[in-house]
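Written below as structure tokens is the structure these notes are about.
Numbering (this note's numbering), first residue to last: 7 to 190.
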């Protein structure tokens, strides 16, 4: 399955947004995993987004970096590279949420959704494979080498995670990024 197909699948799964009950049944809810063994939520939550802006940023990152990671995987692992790329993405959905799950196992007010952790895994796999490629953020005119961008991203995400608030699971970004590096 190519990156574009995965992106289309993710966009297609946005129908969950239309039904609040379907969304609630699929969002990452640590107590539902703890008490009801609903482990599927590690994966289904990655196909839900808070809004279309959230979806757009994740799909943009996946599109920009994913196509190169998939090509690098195919170069390194032959035809099996495409499968490995998909496996990395799906496993990242799970592993990026493990620390969050550990921290919020019984917190009935905690919920999380989005593909940001898995997208971080893809971006950091790209950085590991292409450490000197200049990287930056949208609407910021300067670029820095990928490895420096990655370190800066981790430092800022760690700070924001410790600070808390903002309704963003920065821990998933950090652990997704680390998973992307570890997978390779």
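Quick reminder that beta carbons are idealized off the backbone N, C-alpha and C, glycines included.
Along the chain, where does the alpha helix (DSSP H) that runs through residue i open and close?
i, result
"residue 54", "That residue, residue 54, is in no alpha helix (DSSP H); it is neither H nor E in DSSP."
"residue 43", "Where residue 43 is concerned, there is no enclosing alpha helix (DSSP H), given that its DSSP letter is neither H nor E."
"residue 121", "That residue, residue 121, is in no alpha helix (DSSP H); it is neither H nor E in DSSP."
"residue 101", "86 to 101"
"residue 111", "Premise fails: residue 111 is in no alpha helix (DSSP H) and is neither H nor E."
"residue 33", "Taken as a continuous stretch (DSSP letters only), residue 33 belongs to no alpha helix (DSSP H), as it is neither H nor E."
"residue 148", "Neither: residue 148 is in no alpha helix (DSSP H) and is coded neither H nor E."
"residue 187", "176 to 189"
"residue 172", "From DSSP, residue 172 is part of no alpha helix (DSSP H); its letter is neither H nor E."
"residue 67", "58 to 83"
So, using beta-carbon positions, are residue i and residue j closer together than 8 angstroms?
i, j, result
"residue 71", "residue 132", "yes"
"residue 171", "residue 122", "no"
"residue 54", "residue 75", "no"
"residue 48", "residue 99", "yes"
"residue 130", "residue 186", "yes"
"residue 51", "residue 118", "yes"
"residue 128", "residue 68", "yes"
In chain order, what residues of the same chain lie with their CB nearer than 7 angstroms to the CB of residue i, ignoring the 5 residues before and after it?
i, result
"residue 60", "120"
"residue 147", "none"
"residue 78", "135"
"residue 114", "37"
"residue 179", "122, 123, 126, 163"
"residue 141", "149, 150, 152, 155"
"residue 167", "176, 177, 180"
"residue 137", "151, 152, 153"
"residue 44", "38"
"residue 101", "181, 185"
Leaving out five residues on either side along the sequence, give the residues of the same chain with a beta carbon under 6 angstroms from the beta carbon of residue i.
i, result
"residue 95", "124"
"residue 139", "152"
"residue 83", "90"
What does a CB cutoff of less than 8 angstroms around residue i pick up in its chain, not counting 5 residues either side in sequence?
i, result
"residue 190", "131, 134, 135"
"residue 112", "36, 37, 40"
"residue 157", "none"
Inset, instruction - Pair every Cβ in the stretch 74 to 93 with every Cβ in the stretch 141 to 152, then say whether three or more of these pairs are closer than 8 angstroms. - result: no
Inset, instruction - Inspect the CB distances between the stretch 173 to 181 and the stretch 111 to 130 and report whether three or more fall short of 8 angstroms. - result: yes
Legend entry - Sufficient close CB pairs (3 or more, under 8 angstroms) joining the stretch 102 to 111 to the stretch 34 to 43: yes
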